[in-house]
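A.B. asks:
In this note's numbering, the protein residues as written are 65 to 687.
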């Protein structure tokens, strides 16, 4: 038996899923998408029941990846029962999706979550009347308090029913639906006819007929058919809400939102919270990184260096260990710290407020406000930042975000900037690199927003109430992301490291050094050995700094390189091709072509910026 959880974003659906399934959660991607599907298996009366947590959506006729996925799964009769989660405090807005689900004639129940929040606002819901109107069982719950959660599955497995309520559409729409239901040879259901009027479906005959009818309807009403359908559904939702919802006067309070959502104070608070988050990620991640790297140096790398191994065996063993150290010592601390803290912030309901405040700015980059979160995350580590773009609505916006995030100076790049430029050139020179990078991100965002095909979606955002985070939900979300990183990024990192080690052992790197000399030395003005350091920076960014010192034979880099050369090297290595972990996640999230495009683009940016600085320095010595 398969049961699906469906509902708007921020209605507590994931928390209910966590209560129902515990820790036995599997994460997979729906074929052909990067959208996560969470599933867990229960045993009810010795019968296995699979619970599937569908992505939060606002409608079944949208064009986002999440909306298409949910619609396809429902149309393909994937589920035996659907559990529709609604926000009891905002029932009218949530009823829109509920009414659409009813049209698919699948057995279901309605769960009105956040009953505690509704009570605080003086909202009472007549669940009996709502059940009578819709024809399906209705249950009032509070996931944060655990109220009535154990009753959900028994109700779904034993009493789920096909709804009896039907939205009354405009008479012209109803006539069009009846016509379309007769056109198809086998006869189409009402829901397929409604979707066809919006250009959705796989039946060419039905779609062609619907196109003709739609043209007539839009000429008659002077508005899109989708707007007519939406207006009818909103009207129906309003009528139902009026009958079942009562609200006490004087109980609605905005509380902290008076400060959090006001442009001036809200932006200041947002900046403070994001900076605190970033600083916490940096310091906690850096501490964990230092401990893990030191442990590897003392207990693994040192004994390995003292072991009498065949040179080839040693090279392979070293490459394997250094990859483990790179993944667990660099990326993992930041992945863990960020997702732990972000899960806390997200579970409070504050994430939607950040997206709301940042929406106007991010639109200039072809994105909406939700993209600010992975951009901030990129300052800690690009790997979890790329993984976080799944929350962004469209393929176009995820594509732009992926390009921009890979340019964000992560903590490993900060090591290069601080360890080379700040120490050997000066603090203001180090800050100037950040200025150059963020300027390039700005210009790249404006450019990509103009050339990237696809439409930019507006942000439809339900601002949930602020709440105390659930420890179980925080830990579950953190574990899901950590597990995904360990399973996906780490194996690719290990393989890439060992390949790079073999190239060095057989002298291929020497050949590459000679081949790249015209660019590295001629155009960038760097010593030839800098190319090898840049290549090792692909494995892990700060290794470019470490390798440069090894190749130079001294920690005092100014003995072998000028300040301009050090500045150029830091600038190029910071913008240069992303680290292998980032490339691996890019491949996983965006596909091979996007990973290649981004890699080539960053190589171009890095070399171009370095060449310009080198050229200017030949005319105007500034260091």
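For glycine and all other residues, C-beta sits at the position ideal for the given N, C-alpha and C.
Please read these numbers as outputs of a predicted model, since none were measured by experiment.
What residue from 407, 488, 145, 294 has the CA that sits closest to residue 538's CA?
C.D. replies: Residue 407 is the option with its Cα nearest to residue 538.
A.B. asks: Spatial neighbours of residue 376 within its chain, please: CB distance less than 8 Å, with the 5 preceding and 5 following residues excluded, ordered by chain position.
C.D. replies: Correct list, in chain order: 569.
A.B. asks: Kindly indicate which three-state DSSP category residue 174 falls into: helix, strand or coil?
C.D. replies: Residue state, collapsed to three classes: strand.
A.B. asks: Kindly confirm or deny that the stretch 230-243 and the stretch 170-177 touch, where touching means at least three C-beta pairs closer than 8 Å.
C.D. replies: At 8 Å Cβ cutoff, the stretches do not touch.
A.B. asks: Compare the C-alpha of residue 396 against each of 373, 551, 458 and name the closest.
C.D. replies: Measuring from the Cα of residue 396, the nearest candidate turns out to be 551.
A.B. asks: Is the separation between the beta-carbon of residue 650 and that of residue 466 shorter than 9 Å?
C.D. replies: A contact, by the Cβ cut-off of 9 Å.
A.B. asks: Does DSSP put residue 584 in a helix, in a strand, or in coil?
C.D. replies: The answer is helix: DSSP assigns residue 584 an H, G or I state.
A.B. asks: Could you have a look at residue 372 and say whether DSSP puts it in helix, strand or coil?
C.D. replies: Looking at residue 372 - three-state DSSP - the assignment turns out to be coil, as it is neither helix nor strand.
A.B. asks: State the DSSP-derived secondary structure class of residue 107, mapped to helix, strand or coil.
C.D. replies: Residue state, collapsed to three classes: strand.
A.B. asks: So, with DSSP's three-state summary, where would you put residue 77?
C.D. replies: Here residue 77 sits in helix by DSSP.
A.B. asks: Inspect the CB distances between the stretch 138-147 and the stretch 66-75 and report whether three or more fall short of 8 Å.
C.D. replies: The stretch 138-147, when compared against the stretch 66-75, does touch it at the 8 Å Cβ threshold.
A.B. asks: Do residue 414 and residue 530 have their C-beta atoms within less than 9 Å of each other?
C.D. replies: Yes, they are a contact pair.
A.B. asks: Helix, strand or coil for residue 500? Go by DSSP, reduced to three states.
C.D. replies: Here residue 500 sits in helix by DSSP.
A.B. asks: Assuming the contact rule is C-beta atoms closer than 8 Å, residue 639 and residue 669 should be a hit. Round their C-beta distance to whole Å, please.
C.D. replies: Going by Cβ atoms, the distance from residue 639 to residue 669 rounds to 5 Å, so yes, they are a contact pair.
A.B. asks: Assign residue 95 to buried or exposed, taking buried as 16 or more other Cβ atoms, counted over all protein chains shown, within 10 Å of its Cβ.
C.D. replies: With a pLDDT of 46 at residue 95, under the threshold of 50, the modelled position of that residue is not reliable, and the figure given next carries that caveat. That one is exposed.
A.B. asks: Can you find the residues in the same chain that come closer than 8 Å, C-beta to C-beta, to residue 418, ignoring five residues on each side of it along the sequence?
C.D. replies: Counting only Cβ-Cβ distances below 8 Å, and skipping sequence neighbours, we find 334, 337, 338, 433, 436, 437.
A.B. asks: Short of 6 Å in beta carbon distance, which residues of its chain neighbour residue 379, apart from the five on each side in sequence? Order them along the chain.
C.D. replies: Contacts found: 565, 569.
A.B. asks: On a Cα-Cα basis, can you pick out the residue from 684, 469, 671 that is closest to residue 646?
C.D. replies: Checking every option, the nearest Cα to that of residue 646 belongs to 469.
A.B. asks: Should residue 230 go down as buried or exposed, given a rule of 16 or more other Cβ atoms within 10 Å for buried?
C.D. replies: It counts as exposed.
A.B. asks: Grouping DSSP H, G and I as helix and E and B as strand, with all else coil, what is residue 121?
C.D. replies: It is coil, neither helix nor strand.
A.B. asks: Using the rule of at least 16 other Cβ atoms within 10 Å of the residue's Cβ for burial, across every protein chain shown, is residue 596 buried or exposed?
C.D. replies: Classification of residue 596: buried, given that the 10 Å Cβ count is 16 or more.
A.B. asks: Secondary structure at residue 199, three-state DSSP: helix, strand or coil?
C.D. replies: Reduced to three states, the DSSP call for residue 199 is coil.
A.B. asks: DSSP has residue 572 in a bridge; who is on the other side?
C.D. replies: According to DSSP, residue 572 bridges with nothing at all.
A.B. asks: Among the residues of its own chain, which have a CB less than 7 Å from the CB of residue 554, if the five just before and after it don't count?
C.D. replies: Result list for residue 554: 391, in chain order.
A.B. asks: Taking the alpha-carbon positions, what's the residue 474 to residue 684 distance?
C.D. replies: Cα to Cα, the separation comes out at about 30 Å.
A.B. asks: Note the first and the last residue of the continuous beta strand (DSSP E) segment covering residue 149.
C.D. replies: Taken as a continuous stretch (DSSP letters only), the beta strand (DSSP E) holding residue 149 covers 145-151.
A.B. asks: Looking at the unbroken alpha helix (DSSP H) that takes in residue 630, where does it start and where does it end?
C.D. replies: Note, residue 630: alpha helix (DSSP H), 627-639.
A.B. asks: Are three or more beta carbon pairs between the stretch 253-272 and the stretch 194-207 nearer than 8 Å?
C.D. replies: Not touching, per the Cβ criterion.
A.B. asks: Tell me the DSSP secondary structure of residue 356 in three-state form.
C.D. replies: Residue 356: helix per DSSP, three-state reduction.
A.B. asks: Do residue 124 and residue 138 have their C-beta atoms closer together than 9 Å?
C.D. replies: Their beta carbons are under 9 Å apart, which means residue 124 touches residue 138 by this criterion.
A.B. asks: Are the CB atoms of residue 625 and residue 591 within a distance shorter than 9 Å?
C.D. replies: Yes, the pair counts as a contact, with Cβ atoms nearer than the cut-off.
A.B. asks: In angstroms with no decimal places, state the Cα-to-Cα distance between residue 157 and residue 655.
C.D. replies: Their Cα atoms are separated by approximately 36 Å.
A.B. asks: Please name the residue, chosen from 348, 210, 232, 257, that lies closest to residue 241 on a Cα-to-Cα basis.
C.D. replies: Comparing Cα-Cα distances from residue 241 to each of 348, 210, 232, 257, the minimum goes to 257.
A.B. asks: Which whole-angstrom value is the C-beta distance of residue 401 and residue 345, which I expect to be below 8 Å?
C.D. replies: Sure, about 5 Å apart at Cβ, within 8 Å.
A.B. asks: With 16 other CB atoms within 10 Å as the buried threshold, where does residue 288 fall?
C.D. replies: Exposed, because fewer than 16 other Cβ atoms sit within 10 Å of the Cβ of residue 288.
A.B. asks: I'd like to confirm the pairing. Which residues does DSSP put opposite residue 66 in its beta bridges?
C.D. replies: In DSSP, residue 66 forms a bridge with 114.
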